[in-house]
Each structure stands twice: as structure tokens, then as C-alpha cells.
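Single-structure report; data block below.
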Amino acid sequence: MIRPAEPGSPAPLGRVVATELKPATPHQFHFWTANETTIGIGAIVKVEGPGVGDQGPGRVVYGVVTDGFAYSDLATPLHDVVAAEGDPARAAESPSVRQEIRLWTAAVLRQQPEEPLQPVPLGAVYVASDADVAQALRMDAYVTGAQPSGIPVGLYTAAGLEAPVYLDADFLLGPEAAHLNISGVSGLATKTSAVEFLLASIFEHFPAHKGRVAALCFNVKGPDLCFLDRPGALDDADRRRYERLGITPQPFERVRYYAPFKADGVNLNTLRTHPDLVGDVEPLVWGLSEVLDFAEVLLNRDDIDAKADAFIDFLSDRVLNKEFDDGFGGSHRVQTFADLNGLFRAIFDGLELSGRSDMWRTHHIATIRKVRNRLSNISTRCKGLVTDDGPSSDLPWGRFEDRTVYVVDVANVDPLGQDLVFARAVSKLREHLERRDLGVEAVVVFVDELNKYAPGDGPETYVRKMLLDISERGRYLGLVLFAAEQFRSQVHRRVVGNAGTTLFGRMDADELATPGYHVLSPAVKIKLATLPIGELMVRHPHFTQPIFVRFPRPAVLRGRDGVERFPPAADLPFEEAVVRQLARLDRRIRPNQVKDLIAERRPDDVRRALAAVRRTRPDDALAYFRRMLGARVAPATAPAREAVPPLNPISEEPY
Amino acid sequence: MPRSWVDAILAAGAVPASYVPDASAGRTDLEEFTGADGVEDVALRTYAVADTRPLAPGTVAFLDGIEQWRVVGYGGVTPIVRGYVAAAVRRRGPDRRLRTAAEASREVAITRLESLAEPLRRALAASGVDLLELAEEDVGQPGRAIQAARRELERARLAQERELGERCLAALGPDEWLVVDGVLSDSAALSAHPRALGVIKSHGAQYFEGPELERALTLPAGHRTSVFQPKRRGARRAIYSWYLRLWPWEGNDLLYGLVRVEAHADAVTVARASALSAWLLRERSPLSTPDARWDRLLYAIHDVETYLRSRTPRDVIAPPGSRLPRTGS
Ligand SMILES: Nc1ncnc2c1ncn2[C@@H]1O[C@H](COP(=O)(O)OP(=O)(O)O)[C@@H](O)[C@H]1O
Ligand SMILES: [Mg+2]
Numbered sequence: 002m003i004r005p006a007e008p009g010s011p012a013p014l015g016r017v018v019a020t021e022l023k024p025a026t027p028h029q030f031h032f033w034t035a036n037e038t039t040i041g042i043g044a045i046v047k048v049e050g051p052g053v054g055d056q057g058p059g060r061v062v063y064g065v066v067t068d069g070f071a072y073s074d075l076a077t078p079l080h081d082v083v084a085a086e087g088d089p090a091r092a093a094e095s096p097s098v099r100q101e102i103r104l105w106t107a108a109v110l111r112q113q114p115e116e117p118l119q120p121v122p123l124g125a126v127y128v129a130s131d132a133d134v135a136q137a138l139r140m141d142a143y144v145t146g147a148q149p150s151g152i153p154v155g156l157y158t159a160a161g162l163e164a165p166v167y168l169d170a171d172f173l174l175g176p177e178a179a180h181l182n183i184s185g186v187s188g189l190a191t192k193t194s195a196v197e198f199l200l201a202s203i204f205e206h207f208p209a210h211k212g213r214v215a216a217l218c219f220n221v222k223g224p225d226l227c228f229l230d231r232p233g234a235l236d237d238a239d240r241r242r243y244e245r246l247g248i249t250p251q252p253f254e255r256v257r258y259y260a261p262f263k264a265d266g267v268n269l270n271t272l273r274t275h276p277d278l279v280g281d282v283e284p285l286v287w288g289l290s291e292v293l294d295f296a297e298v299l300l301n302r303d304d305i306d307a308k309a310d311a312f313i314d315f316l317s318d319r320v321l322n323k324e325f326d327d328g329f330g331g332s333h334r335v336q337t338f339a340d341l342n343g344l345f346r347a348i349f350d351g352l353e354l355s356g357r358s359d360m361w362r363t364h365h366i367a368t369i370r371k372v373r374n375r376l377s378n379i380s381t382r383c384k385g386l387v388t389d390d391g392p393s394s395d396l397p398w399g400r401f402e403d404r405t406v407y408v409v410d411v412a413n414v415d416p417l418g419q420d421l422v423f424a425r426a427v428s429k430l431r432e433h434l435e436r437r438d439l440g441v442e443a444v445v446v447f448v449d450e451l452n453k454y455a456p457g458d459g460p461e462t463y464v465r466k467m468l469l470d471i472s473e474r475g476r477y478l479g480l481v482l483f484a485a486e487q488f489r490s491q492v493h494r495r496v497v498g499n500a501g502t503t504l505f506g507r508m509d510a511d512e513l514a515t516p517g518y519h520v521l522s523p524a525v526k527i528k529l530a531t532l533p534i535g536e537l538m539v540r541h542p543h544f545t546q547p548i549f550v551r552f553p554r555p556a557v558l559r560g561r562d563g564v565e566r567f568p569p570a571a572d573l574p575f576e577e578a579v580v581r582q583l584a585r586l587d588r589r590i591r592p593n594q595v596k597d598l599i600a601e602r603r604p605d606d607v608r609r610a611l612a613a614v615r616r617t618r619p620d621d622a623l624a625y626f627r628r629m630l631g632a633r634v635a636p637a638t639a640p641a642r643e644a645v646p647p648l649n650p651i652s653e654e655p656y
Numbered sequence: 006m007p008r009s010w011v012d013a014i015l016a017a018g019a020v021p022a023s024y025v026p027d028a029s030a031g032r033t034d035l036e037e038f039t040g041a042d043g044v045e046d047v048a049l050r051t052y053a054v055a056d057t058r059p060l061a062p063g064t065v066a067f068l069d070g071i072e073q074w075r076v077v078g079y080g081g082v083t084p085i086v087r088g089y090v091a092a093a094v095r096r097r098g099p100d101r102r103l104r105t106a107a108e109a110s111r112e113v114a115i116t117r118l119e120s121l122a123e124p125l126r127r128a129l130a131a132s133g134v135d136l137l138e139l140a141e142e143d144v145g146q147p148g149r150a151i152q153a154a155r156r157e158l159e160r161a162r163l164a165q166e167r168e169l170g171e172r173c174l175a176a177l178g179p180d181e182w183l184v185v186d187g188v189l190s191d192s193a194a195l196s197a198h199p200r201a202l203g204v205i206k207s208h209g210a211q212y213f214e215g216p217e218l219e220r221a222l223t224l225p226a227g228h229r230t231s232v233f234q235p236k237r238r239g240a241r242r243a244i245y246s247w248y249l250r251l252w253p254w255e256g257n258d259l260l261y262g263l264v265r266v267e268a269h270a271d272a273v274t275v276a277r278a279s280a281l282s283a284w285l286l287r288e289r290s291p292l293s294t295p296d297a298r299w300d301r302l303l304y305a306i307h308d309v310e311t312y313l314r315s316r317t318p319r320d321v322i323a324p325p326g327s328r329l330p331r332t333g334s
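Sequence lines, in order, name chains A and B. Count the first sequence with our numbering and you get residues 2 to 656, in order. Count the second sequence with our numbering and you get residues 6 to 334, in order.
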């Protein structure tokens, strides 16, 4: 008989049952519900043992549903066949429906009191309320109090209830634990979106006592992160969720974009080239000294070579930016790739002239050749990132600003160049954070496609070592890695293992069959394999069990929509591109002035002058540009052809 | 919590016991050969009902009862039996699910007061438990006493079922039927109701001899006999009845899948005996396994029984423990 609930006391939705074969334990229990019930896998429930509400020490247990079972009193399937005389259609005609059960398994999230730890009492089961969810997930410890550190991650949604779920900033961004990893299939797992949303949440809820925070995001895929400052489409449900989570649904207020040039050295290598937007994309250009610092990256991509390392160290310590005697009577001051090439040539020529020796200052000629090849390789493969000649343009090390996203677009950069950008950017962050002079106290570094940069197998690379290093030590520095990948099983174990917080979107079934997921029940796996867009499973140190949440669409323009609304501009001709670059620095500049100046100049000279203006930011950009171009004028006539191209060997023999 | 009457009699000197005798005697056969009058046909015939359009009432109530008992103590050699009877009506509506509509239960002590010592008698009286007295001639030998107690309890169960069934009839809607596990003829109200059916699974009484008996007991599956009127000794009520075979008996035994149906003694009953039989044939599904009597136990009746058993107070059911002597203190 169904008794109406007394006012104020909700009716239980289930009852804990325990048998010798399926007992209740301190970590797990079973309960049954009506056949029609609002709960499902992932629902949070509360068990009240006898004595709760009365006097006496009642035990309250919170649990999350991890599995569900339905069965009837049918003794064996054969009996259903017998009763239907072998005809499935007749089975539905039985005048009575068998008794059946909805039996659920729940994993314990929390017990109160916590000591002594005992089996779950065989009590009534209730739907968890807002306050229960906070208790169950131990959020009471950090969401309220003198220095709250809750970061909203989404809404727990079940049984008609929506309760905000918070991560603990101390465990998401250090120092107690740090890093976040998100995995799931492309396009359905909402990995990129979830990170964008979470960054917005962090910027709004980062606890004041922890200081300033910024994010450095590497854009590795198409236009993914190119429009973070532009509003995207939200629906009413999204807006309601933002409100419930206490987050303002707006795009990022401060975003700085960096992109290398294309090979021509003047057009930016990014999809954010629409005339309305390209103005705030800073070029990312590095010269020899920036590259030499991270030349290891280039070497141990394929192999580890101690000799080459030693030679590179020698170049950085003894040669770069110094007056250097090559030992064959030549003196060099190496500042650019071109200068370095001159030195190499002098060494090879000198060795050849001086006889049979293969050694130059304890370095074998083969090592020298190898290093030269690698360095010239990068300057050709990453032409727009690495200037052969001339100064660099870099991220604002030491001047990072609070609540600012720095996007570095390396989507179209050669893998070698991407490695170089990661290595240098992350090392610089680390260096500055160690010295506490970055400008912010914490930086979130977002790396998508982590499986490419920190694969589980394959050779040890500099980038992987570096990612491992952040994941192991970053939390003390405020250097926090947010990483995403399709297949977690393909990422280095310690990199994912060190992520204090893990999110899962829609997962691939084959991936779920890999050993890393065997702690999940088959029901939770099925839920993950069919997870709707916008839902995530969250693991966080305070949560004893994974929790499912729903998050709103990020309030920023999706990359895909961005390139439609702001179609990338076609590459400009060299002169136009130079005009555009200069005009950005000084609005007074008129195109014809620039065009007159650069007519008949060598492009390299123009690029170098442009870089100088960019670096110096003079009051009168045009005048400075003119001065930097100097008096050197390209030869009026084209250089003489060095050789006559060979003719096709056309035989005149008339056959 | 008031002390249970069992504790009270033990305190008053009864020797504790925990004993459920083998039901070797089986269910008491209330009836023996009585004979029958033909109603539908002069001589008993068989009818195939498999192709008859079944009666399909939207709502049906099912009535069944259970009894549990055990010896809980002895005063001298006189057993004191704790008995529990319960009955329930579960209604099945258009959603085909069964829900409890009414239920009743009763706990009784069965013994012969006069054979007990004074303190025990006083303890029993003071406990307020319902007492069923055994006749003097039944208590000389403990074995007889136990069989007599068992019969008392069965009577109590039947009375409870009857009372609940009659109560249920009063509340029966105009198109609703009541199906009773067992005979209708115990109750005037049940016998006279146009939409009450009794389904009898045990065939202690025989109404036929010779070729008619053979026809009845070798009835093929999906067939029924002609409607007949059992002859009764004394002032028994008129009732119509027929046999119906639910499952093929060949390969099992003569009674396999055989039920006897009782319904109101009325021409309408004869007219729809086949439709009623076809309905009962449909009730074969779902099977009431794992009950051993599944070949003639309707699932809905089985459901009522399961419900009642699950509601039985735990301490009425005999502990399954071993009967080895207790060791230690
Ligand atoms: N919270 C959300 N609710 C509904 N749709 C979303 C939500 N977040 C993202 N989406 C949509 O899901 C799709 C995939 O998102 P994306 O972040 O690009 O996935 P991934 O990075 O895993 O490939 C996008 O079209 C996006 O608009
Ligand atoms: Mg993505």
C-alpha cells in the first residue's frame, strides 16, 4: 500500500536490501525501487539508517548508483518459452505480468559518521537534495568557509534535481594536487568546449587569496581557439545553467593571440586573419638564440646524441653573441642563422684546407654536420616561426596579465616547430614562475591532442619529458596542465596519472575495453559510451566515485562558426602585408609611403626592418622603418644568372 | 514491547521445543467419493475448449491463504502449537499487474488447556493469544494431538479465506471476477455469486466411477468435461463443476495439469463453461515455477501466496538450523 508522504519528509524512493550473496559492505550496497523511478546510473542517493531523525546516532550514507538490474520471478528462460508455446508474440498476451524488480548497486561516496566505518545500514533510500550532494561529494569543506575555493564544473542532474558541482581550486590548480585531463571521442566528447568553459569558470571563481591567474592555450587544430573573445550562441537552458553555476555567460575579456608567419615572413599563419580580427594577432618569431636554447628538442626527436648536445652547448655558451675566433684566422660574431652558417662554412673549409683532421676543437666533423643539418632544417621547415636573420617577437614573459588567455596558434606549424614552441613556451613559464616574476601566480597550459605530444610509447622526446616534468612538479609552481586527447590509453601513464582531476566525455567502446577502465562497472561504461553532448564524468580527489555533470556551452564563438562569420583573408601580396603590419603599429601610415620605401628592396631587408619596428615600437614607425631599411638598395638589375639551365636533350636525329 | 506469548509459556514452565512435523499425512482430504449428477450432459463427455473465445474480464481478484505452524513447547506431553494463517486478495487490472486489495492474518495457539499445568494455563490466558482448543480424545497421544492441531489450523485458514472472500465479493465491481484457490461450496455467498470461480488443484474427492472416471482423468490437454453437479452429503450447497486439463498429462501422471472448476449453479455457467475454461487456459502463462504444483497452480494465485509468505512474521517460520543438541551453556 502506498502511504502518502508526510509533509516535510520526502517519501523514500527505495530500500536497501542485503543477502548473504549480495551483502551491504562499507563501500557498496544494493537497493530496490519501484519499476518506474526517476533515478538511473550516476544518480546520487542517501540512505538513512534506523535512528536518523529520532534520538540516537543514526548513520547516513551517500552513494552513487553504479549498476542496475531488472529481473522477474521467472525461474529459467525456458519457462517463458513453455508458457508462450514457443511463440514470442503470445508471451505478451499473458494475463498477468510477472513480479519484477529494479535492483540497483551503489558505491558509497561518504558515510556519516565516518568512524567507525561500517556496512551500509539496511535503511530507506532517498533522492539526494542539493545539500545532500554537497555533503556526498565533501564539497562542504571547500565551497563554504573563510577561504572558499570552489570552482564550478557543472550541474549534477538527476531525478529532476540540478545541483552545482564544484572542484577544489587547491586540487585543480595546486598546490595540493593539480592538472586536468579530458578524454573522449572527437566532436562528441566536448573536450575543447569543456576546457573553454572551465577556464571561464576559473577566471571568475579563482579564489582571491590565491592571486592572479592566466591561461596559455596552444591552438593545435584549425580554428578551435581562434575566437575566444567573440560571443557564441547560447540557448535559454545554457543561460539558466550559467546562472545556477554563478558564472557570467560572456566570452573572455582579455585574449592575446600569437601566430608565426607563413613562409613569406609577412602573412600570419593562422585562421584569425579576417581584417576585423587580424589586428590583435601578434607575430611569433624566434631567432637563433631562442632556437639554440631548445635545440635539444630538435635533436632528440629521433635520437639522443650526447655529442651533438655538447656541441650545441658549446655554440650557445662560447659562440653566440660573442666575438669568436674560428681557429683558421676568421673572426665571427654569430647572432643569426646566417651568421652561424658563415661559421660552419669557415670550419668546413678550414678543415678541408688544413688536411686530414676530422676534428675541430674536440668536436667531430660528423657531429658538426649533424647539428648544422638540424638547425638549417628547422629554419627551412619552420620558416615563418624561425627567422633566418634578425630579431624575434615573443610572448610577454614577465608581463603576463591576470585573467588573460594567451593563445598560441601552431595549428599549421610543422610538428618540429610545434615541439619547439611547446618546449620554449613551457620552459619560459616555468623559469618565470620559479622566479615568481611571470606577472601571475598561476598559469593553466592547455594542450589538445596530448597523445601526439606525450604518447605512451615511442621514443623519449624532449616535449614528453617536459610534459612529464610539469605534471609531476608543476603544482608547486602554479604551472598547471590541462590536456585533452581522444584516447587516454595512448598517453604516457604518468602524465595522465598525475592529473588530479579527470573528465570523460563520450567514450569510444574499444577504448573503454582497455585495462585503464576496469574499475568502472559495465553500466558506467555503457553510460560513457552513450553520453550525451554536454555531459561529462568527473573524477576529482574529493569525490570518492566518478560523478556525472552537465555543463553549458562555452560562451565563446566556436572555431567552426568563427571562420564562417569571420572568413580568413586571402594571403596579401608582400607589399600589402608589409603595409598592413606597419599600419597596425602606427595608424598614420599611408600605404603608398610604405610601398615607395620598399620598392626594389630585398624582402629579407624589409622583413628585418619590419621586425625592428615591431620590437622597438617607436613613436614614428615610418621614420624608424626607413632608417632600419638603411641605404642598402638592391641591385637595380637582376643578379646575373649563374648558369644556363640545361636544354632538354632533344635529338635531332630524324628517325 | 510486550513479551510474546511463547516467552510467557516458557517462563511458566513449558519445555521449549521447535518442531515442524513432517506433513506425512498430506493435506487432509475433506471429501471422499460422493458421486455427481449430470447437468450439461447425462453422461460425462469431453469438450475441446482451445478454440473457444476466452472470457476476458478486465479486472480479476485472486484469493488465496497460507498457514504456518510449529510446536513451540510441551506441557507434559501435550504439544503447544503456534499457528499463523493469512489470506489476501490481489486484484489484477488492465495493466496486468497484481496489487493487494485486502489481507488478513491471525496468530493462534493450539493446545488443550485442561492438559496443561495451572501456571501454563494462566500464562496462556494472560498473554491474550487466540486459543484453539483440541478435543479431549485428540490429546492422549502427542502424534494424534499434532495431527489434530494441524486440522484446527487448516480450519482457521479456510475460515479466514472465506471471510476475506465474502468481504471481497461485497466490493466486487460489476464486471469484476473473483478467483478462489479451492472450493466455493464452503461459503453460501461465494457459491451464489455469478462471478466467482473456484479452482481446485487437489483431487481428494471423486465424483465418478468406471468409464466416466476414465473420461475425466484422461482428459486431453485443452479439454474440459461436461458440467456436473457434485452430490453432497448433508446440507451442502448446490454448485456446478467441471474438470479442465491445462497441460498434457501423458508422460506424467493422471492428475498432471488437471483442475476442477467450481461456479455458481446456474444455466449461465453451463453456457459459458467453455469460455471460462479458455480463460483459465490462458492463465497458464506465465508459469508459476519454481512451485512444484506449477502444472495446475495459476500464476496469479502463486503471486498471492508469494505475497503472503513474504509478509509472514520472520519468527513464525521455523529456523532452518540443525536439530543437533545445543552445546555449551
Ligand atoms: N555543453 C554543451 N552542450 C551542448 N553542446 C555542446 C556543449 N559543449 C560543446 N557542445 C557541442 O559539441 C560539439 C563538439 O564539441 P568540441 O568541444 O569541439 O568537442 P571535442 O573537442 O571533443 O572534439 C560542438 O559542436 C559543440 O558546439
Ligand atoms: Mg576538440
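Yeah, the Cβ is synthetic: ideal placement off N, Cα and C, and Gly gets one too.
Give me the residue from A:K23, A:T462, A:V444 with the minimum Cα distance to R476 of chain A.
A:V444
Got a sec: does ligand 1 put a non-hydrogen atom nearer than 6 Å to the Cβ of A190 of chain A?
yes
For V86 of chain B, which residues in the same chain have their Cβ closer than 6 Å to its Cβ, ignoring the five residues on either side in sequence?
W74, V76, I115, A154
Give every residue of the same chain whose Cβ lies closer than 7 Å to the Cβ of V188 of chain B, excluding the five residues on either side of it in the sequence, and list them in chain order.
G203, I205, E267
Exposed or buried, which one is M140 of chain A when buried takes at least 16 other CB atoms within 10 Å?
buried
Mind checking K192 of chain A: buried by the 16 CB within 10 Å criterion, or exposed?
buried
Closest Cα partner of D620 of chain A within the set A:F338, A:R585, A:V17
A:R585
Give the interface partners of H80 of chain A over in chain B, defined as CB-CB distance under 8 Å, in chain order.
P291, L292, T294
For ligand 1, is there a heavy atom less than 6 Å away from the beta-carbon of S394 of chain A?
no
Per-residue burial, G563 of chain A [other beta carbons within 10 Å of its own, 16 or more giving buried]:
buried
Return the CA-CA distance between L68 of chain B and G170 of chain B, expressed in angstroms with no decimal places.
7 Å
Figure out for me which residue from A:A424, A:F505, A:E435 has the closest Cα to the Cα of R465 of chain A.
A:A424
Starting from I599 of chain A, follow its DSSP beta bridges and name the residues at the other end.
According to DSSP, I599 of chain A bridges with nothing at all.
If contact means a Cβ-Cβ distance below 8 Å, which residues of the stretch 81-111 of chain B contact chain A?
R97, D100, R101, R102, L103, T105
How far does the beta strand (DSSP E) with E1 of chain A in it extend, from its first residue to its last?
Because chain A is modelled from 2 through 656, residue 1 of chain A falls outside the range shown and cannot be assessed.
Would you check whether ligand 1 has a heavy atom nearer than 6 Å to the C-beta of R628 of chain A?
no
Which residues of the stretch 82-107 of chain A have a Cβ closer than 8 Å to any Cβ of chain B? Give them in chain order.
V83, A84, A85, R91, A92, E94, S95, P96, S97, V98, R99, Q100
Beta-carbon within less than 6 Å of L123 of chain A's beta-carbon, same chain only, minus the 5 sequence neighbours each way: which residues are those?
V17, A19
For chain B, is any of its Cβ atoms less than 7 Å away from the one on A129 of chain A?
no
What are the boundary residues of the beta strand (DSSP E) that includes Y52 of chain B?
51-53
So, is the C-beta of A658 of chain A closer than 7 Å to a C-beta in chain B?
Examination of residue 658 of chain A is not possible in this model, given that chain A is present from 2 through 656 alone.
CB contact below 7 Å: W10 of chain B versus chain A
no
Tell me, to the nearest whole angstrom, how far the beta carbon of A4 of chain B is from that of Y312 of chain B; I am working on the premise that it is less than 8 Å.
Chain B is shown from 6 up to 334; residue 4 of chain B falls before or after that span and cannot be answered.
Per-residue burial, E123 of chain B [other beta carbons within 10 Å of its own, 16 or more giving buried]
exposed
Run down chain A in chain order and give the residues with a C-beta less than 9 Å from the C-beta of D308 of chain B.
D74, S97, R99, Q100
Quick check: what's the CA-CA separation for L341 of chain A versus L299 of chain A?
17 Å
By the three-class DSSP mapping on this structure, what secondary structure does A66 of chain B have?
strand
Given a threshold of 16 other Cβ atoms within 10 Å of its Cβ, counted over all protein chains shown, does A209 of chain A qualify as buried or as exposed?
exposed
For ligand 1, is there a heavy atom less than 6 Å away from the beta-carbon of G50 of chain A?
no
Rounded to whole angstroms, what is the Cα-Cα separation between A367 of chain A and E353 of chain A?
13 Å
Buried or exposed: which applies to M360 of chain A, given that a residue is buried once 16 or more other Cβ atoms fall within 10 Å of its Cβ?
exposed
Outcome for D135 of chain B when other beta-carbon atoms lying within 10 angstroms are tallied against a minimum of 16:
exposed
Within the same chain, show all residues whose beta-carbon is closer than 8 Å to that of I3 of chain A, passing over the 5 residues directly before and after it, in chain order.
In this prediction, I3 of chain A has a pLDDT of 36, which is less than 50 and means its spatial position is unreliable; nothing more can be read from the coordinates.
Could you tell me the distance, in whole angstroms, from the CA atom of V54 of chain B to the CA atom of V232 of chain B?
13 Å
If you drop the 5 nearest sequence neighbours on each side, which residues of the same chain put their C-beta closer than 7 Å to that of A108 of chain A?
H28, Q29, G64, V65, T67, Q546
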